[in-house]
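K.L.:
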Amino acid sequence: MTPPTTTETATLGALLTRRDLHLRLEGPDDPSIAARRVRGVHSSDLPDPTPFLTEDLVLLTTGTQFTDADDDSVDSYVQRLRTRGVTALGFGTEVVREGIPLALVTACRIHGLPLFEVPYRTPFIAVARANAEAIGAEQYARRSWALSAQRALALAALHSDGLRATLAELSRQLGTWAGLFDGTGTLIHEHPDGRLTEPVGSGLREEIGAILRRGARAGSSLRIDDVPFSVQTLGRGGHLRGAVAVAAGELDAESRGLVTTFVAMAGLALEQQRSLTQARATLRAGLAASVAADEPALPRRVARAMWGGFPAAPVLVGLAEPGVLRRDDALEWLETTAVDSGGALFFGRVDDGLLLMVPADRTPVLAEFADRFAVAVGVSAPAGHDAVAAALAQARLARDRDDDEGLRPFGAVRRGILSALDAQQAQVIASTELGPLLSHDATEGTRLVQTLRAWLENDASHERTARALGVHRHTVRTRLALAERLLKRDLGAFHTRAELWLALRSIS
Numbered sequence: 001m002t003p004p005t006t007t008e009t010a011t012l013g014a015l016l017t018r019r020d021l022h023l024r025l026e027g028p029d030d031p032s033i034a035a036r037r038v039r040g041v042h043s044s045d046l047p048d049p050t051p052f053l054t055e056d057l058v059l060l061t062t063g064t065q066f067t068d069a070d071d072d073s074v075d076s077y078v079q080r081l082r083t084r085g086v087t088a089l090g091f092g093t094e095v096v097r098e099g100i101p102l103a104l105v106t107a108c109r110i111h112g113l114p115l116f117e118v119p120y121r122t123p124f125i126a127v128a129r130a131n132a133e134a135i136g137a138e139q140y141a142r143r144s145w146a147l148s149a150q151r152a153l154a155l156a157a158l159h160s161d162g163l164r165a166t167l168a169e170l171s172r173q174l175g176t177w178a179g180l181f182d183g184t185g186t187l188i189h190e191h192p193d194g195r196l197t198e199p200v201g202s203g204l205r206e207e208i209g210a211i212l213r214r215g216a217r218a219g220s221s222l223r224i225d226d227v228p229f230s231v232q233t234l235g236r237g238g239h240l241r242g243a244v245a246v247a248a249g250e251l252d253a254e255s256r257g258l259v260t261t262f263v264a265m266a267g268l269a270l271e272q273q274r275s276l277t278q279a280r281a282t283l284r285a286g287l288a289a290s291v292a293a294d295e296p297a298l299p300r301r302v303a304r305a306m307w308g309g310f311p312a313a314p315v316l317v318g319l320a321e322p323g324v325l326r327r328d329d330a331l332e333w334l335e336t337t338a339v340d341s342g343g344a345l346f347f348g349r350v351d352d353g354l355l356l357m358v359p360a361d362r363t364p365v366l367a368e369f370a371d372r373f374a375v376a377v378g379v380s381a382p383a384g385h386d387a388v389a390a391a392l393a394q395a396r397l398a399r400d401r402d403d404d405e406g407l408r409p410f411g412a413v414r415r416g417i418l419s420a421l422d423a424q425q426a427q428v429i430a431s432t433e434l435g436p437l438l439s440h441d442a443t444e445g446t447r448l449v450q451t452l453r454a455w456l457e458n459d460a461s462h463e464r465t466a467r468a469l470g471v472h473r474h475t476v477r478t479r480l481a482l483a484e485r486l487l488k489r490d491l492g493a494f495h496t497r498a499e500l501w502l503a504l505r506s507i508s
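Numbering-wise, the UniProt record's numbering puts 249 at position 249 of the sequence shown, and it's gapless, one number per residue.
(1) For Ile110, count neighbouring C-beta atoms within 10 Å of its own C-beta (all shown protein chains included) and say buried if the count is 16 or more, exposed if not.
(2) On the criterion of 16 or more Cβ atoms from any shown chain inside 10 Å, does Asp70 qualify as buried, or is it exposed?
(3) Mark Gln394 as exposed unless 16 or more other C-beta atoms lie within 10 angstroms of its C-beta, in which case mark it buried.
(4) For the alpha helix (DSSP H) containing Glu250, name the first residue and the last one.
(5) Cα separation between Gly435 and Gly411?
(6) Leaving out the 5 sequence neighbours to the left and right, which residues in its chain are closer than 8 angstroms to Glu335 when beta-carbon positions are compared?
(7) Could you check whether Val38 and Ala10 sit closer than 8 angstroms to each other, using their CB atoms as the reference points?
(8) To the nearest angstrom, how far is the alpha carbon of Val304 from that of Leu345?
(9) Here's the rule I'm using: 16 or more other beta-carbon atoms within 10 Å means buried, otherwise exposed. How should Gly318 be labelled?
(10) For a test of the three-state rule: what should DSSP assign to Ala389, helix, strand or coil?
(11) Give me, in chain order, the residues of the same chain whose beta-carbon lies closer than 6 angstroms to that of Gly179; leave out the 5 immediate sequence neighbours on both sides.
(12) What three-state label does DSSP hand Leu21 in the structure shown?
(13) Taking the straight line between their C-alpha atoms, what separation do you get for Phe347 and Pro382?
(14) The alpha helix (DSSP H) that contains Phe369, what's its start and end?
(15) Whose C-beta lies closer than 7 angstroms to the C-beta of Phe66 among residues of the same chain, with five residues either side of it excluded?
(16) Could you check if Ser380 is buried or exposed, using at least 16 other CB atoms within 10 Å of its CB as the buried criterion?
(17) Please go through the same chain and pick out, in chain order, the residues whose beta-carbon is closer than 6 angstroms to the beta-carbon of Leu25, but skip the five residues on each side of it.
(18) Is the beta carbon of Leu407 closer than 8 angstroms to that of Ala367?
(19) DSSP on Glu457, reduced to helix/strand/coil?
(20) Could you pull out every unbroken beta strand (DSSP E) segment of at least 3 residues lying fully inside the UniProt domain "Purine catabolism PurC-like" (35 to 135), listed in chain order?
(21) What residues are listed by DSSP as bridge partners for His189?
(22) Within its chain, find whatever has a CB closer than 8 angstroms to the CB of Ala292; leave out the 5 residues flanking it on each side and keep chain order.
(23) Grab me the residues of His440's own chain with a C-beta within less than 8 angstroms of its C-beta, minus the 5 sequence neighbours each way, in chain order.
(24) Return the residue from the list Gly194, Ser160, Val86, Glu169 that minimises the CA-CA distance to Leu258.
(25) As a quick exercise: from Thr54, Gly342, Phe91, Thr122, pick the residue whose alpha carbon is nearest that of Asp20.
(26) For a test of the three-state rule: what should DSSP assign to Val375, helix, strand or coil?
(27) Determine the direct distance from the alpha carbon of Ser148 to that of Arg327, and round the result to whole angstroms.
(28) Does DSSP put Leu491 in a helix, a strand or coil?
(29) Between the beta-carbon of residue 581 and the beta-carbon of Glu405, is there less than 8 angstroms?
(30) With DSSP run on the structure shown, which of helix, strand or coil describes Arg241?
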């Protein structure tokens, strides 16, 4: 339900339509005039009462101050009232004179100040009392609505999905869109669904993300593409758990109180959820240890009972760097994604990081996680549930290849054993191993390194090497014999050829 309206509202229109007051508006009816708020009624015959007035008042006068006033004085009087923010002027007739002075009618029309007649039989105090009754009725209605709305929130919180139900009730009570954001600035619940346009929704997520990154408790008013929002953070300073936003500008005290009630309830629920998350993290760590030991039976049963499912084989195994375990926002995102996917994402702490497991066709989930939280994630080749240990080793190797953030597939590593070696260290060792040949080629102009590489590439065949180099086979034999003496290695031994081949690949 939307905040209530009453039959008695403290507006100029409501005051003028009170039959018992017999008030008459001077001039044509105007809906914009009727909607003007009246916060009080005051009477004065002073030539300049503005020092004693506040905004949104109705001023009543008998016109004594106009007895000897000329038109300019009357015009100045009305202009001062308009500048002060007076809502309307009521003229009591038959007290000092009959009817409303023409100069006053003209001045009010020029300056846009509503003017109405108060007949002799209507006391000024009756007008003031009528407005006070309307204000009291509004306040009573608002207080009654606030109590009813808070009861509705409390009942909604008892639902199985308490946060979602409570947010929906908040939206219904305020009659506008409401959204709940987690600690990362991600919209996790909204009501009604899909009400915001993509530009407005995207802009709101960016603004709330910036508020949460500052880490300080705050209440903010935002405007995105002409849509006003009121935002309130959840949680204590330095440990914000999220934020709630409602598509409304300035809220009155009762509406703010309702939002505050929701914030308190949501904050408590999120803190309880945090405790549950820590308990689940401990459970997940135990299950991850079993998964990593190629013992999936127990983790599969527990995951299906807890999260609705377990990643179907073949699976991709990911390993994120250990630092992400200290990121509450990252773990919350994983928990939410795991539940939303029906258990298709499994994760848990292992000795050297965070194990992630998804079906082989769910690579985008791992990529989104790596990009969203700027974390390195190694990813294995597809594997069965009984081969997770080997897949985890692949993911570890892929993750530790370099210092870049993002997804690191094992497929990029498995192109050869050389790619798994430390490139800088391999080059140092290779340059040392081949140093005698490199030095001889540089000083004597020989081509020992070139000949050795061609010989190894051609399966140690002198004939094919000679053809590849365009030289006689005896030249190849002579060069290889010299290389053997310089290296002090037996080129006939397989392990020597293998080491030299790796060295040649490293320096190339």
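In this text, a Cβ means the ideal position worked out from N, Cα and C, and glycines have one as well.
P.N.:
Quick answer:
(1) The residue labelled residue 110 in the question sits at position 110 within the sequence shown. It is exposed - the Cβ of Ile110 has fewer than 16 other Cβ atoms within 10 Å.
(2) Within the sequence shown, the letter at position 70 stands for residue 70. Asp70 should be labelled exposed.
(3) On the sequence shown, position 394 is the one that residue 394 refers to. Buried, since its Cβ has 16 or more Cβ neighbours within 10 Å.
(4) Working through the sequence shown from its first residue, we reach residue 250 at position 250. From DSSP, Glu250 is part of no alpha helix (DSSP H); its letter is neither H nor E.
(5) As a first step, residue 435 must be located in the sequence shown, where it is residue number 435. As a first step, residue 411 must be located in the sequence shown, where it is residue number 411. Whole-angstrom Cα-Cα distance: 33 angstroms.
(6) Counting from 1 along the sequence shown, the entry for residue 335 is found at position 335. Around Glu335: Thr277, Arg280.
(7) Here residue 10 is taken as the residue at index 10 of the sequence shown, counted from 1. Here residue 38 is taken as the residue at index 38 of the sequence shown, counted from 1. Yes, the pair counts as a contact, with Cβ atoms nearer than the cut-off.
(8) One-based indexing of the sequence shown puts residue 304 at position 304. One-based indexing of the sequence shown puts residue 345 at position 345. Going by the sequence as given, residue 304 is Arg instead of Val. Taking the straight line from one Cα to the other gives about 12 angstroms.
(9) Residue 318 sits at position 318 when you count from the first residue of the sequence shown. So Gly318 counts as buried.
(10) In the sequence shown, counting from the first residue as 1, residue 389 sits at position 389. DSSP places Ala389 in helix when its eight states are reduced to three.
(11) Against the sequence shown, residue 179 aligns to sequence position 179. Once the five neighbours on either side are set aside, the close Cβ partners of Gly179 are Leu187, Glu190, Ala245.
(12) Locating residue 21 in the sequence shown gives position 21, counting from the first residue. Reduced to three states, the DSSP call for Leu21 is coil.
(13) Translated into positions along the sequence shown, residue 347 becomes position 347. Translated into positions along the sequence shown, residue 382 becomes position 382. Roughly 16 angstroms between the two C-alpha positions.
(14) Residue 369 sits at position 369 when you count from the first residue of the sequence shown. Note, Phe369: alpha helix (DSSP H), 363 to 372.
(15) On the sequence shown, position 66 is the one that residue 66 refers to. Cβ neighbours of Phe66 beyond the five flanking positions: Val74, Pro101, Leu104.
(16) By one-based count along the sequence shown, residue 380 stands at place 380. Ser380 is buried by the Cβ-count criterion.
(17) Along the sequence shown, one-based indexing puts residue 25 at 25. So the qualifying residues of the chain are Leu16, Phe116.
(18) Your numbering for residue 367 matches position 367 in the sequence shown. Your numbering for residue 407 matches position 407 in the sequence shown. In this structure, Leu407 lies closer than 8 angstroms to Ala367 by Cβ.
(19) Stepping through the sequence shown from its first residue, residue 457 is reached at position 457. Three-state DSSP puts Glu457 in a helix.
(20) 40 to 43, 57 to 61, 88 to 92, 115 to 118
(21) Taking the first residue of the sequence shown as 1, we reach residue 189 at position 189. The partner list for His189 (beta bridge, DSSP) reads Leu180.
(22) Here the question's residue 292 lines up with position 292 in the sequence shown. Around Ala292: Val350, Leu355, Val388, Ala389, Leu392.
(23) Here residue 440 refers to the residue found at position 440 of the sequence shown. Closer than 8 angstroms at Cβ, skipping near neighbours: Thr446, Leu448, Leu482, Leu486.
(24) Here residue 258 refers to the residue found at position 258 when the sequence shown is read from its first residue. When only C-alpha atoms are compared, the closest one is Glu169.
(25) If you number the sequence shown from 1, residue 20 lands on position 20. Asp20 has its Cα closest to that of Thr122, out of Thr54, Gly342, Phe91, Thr122.
(26) Start at 1 with the first residue of the sequence shown, and residue 375 comes out as number 375. In this structure, Val375 counts as coil in the three-state DSSP scheme.
(27) Indexing the sequence shown from 1 puts residue 327 at position 327. Indexing the sequence shown from 1 puts residue 148 at position 148. Rounded to the nearest angstrom, the two C-alpha atoms are 39 angstroms apart.
(28) Translated into the one-based positions of the sequence shown, residue 491 becomes position 491. Three-state result, Leu491: coil.
(29) With the chain covering only 1 through 508, there is no way to say anything about residue 581.
(30) Sequence index remark: in the sequence shown, residue 241 carries index 241 (1-based). Looking at Arg241 - three-state DSSP - the assignment turns out to be strand.
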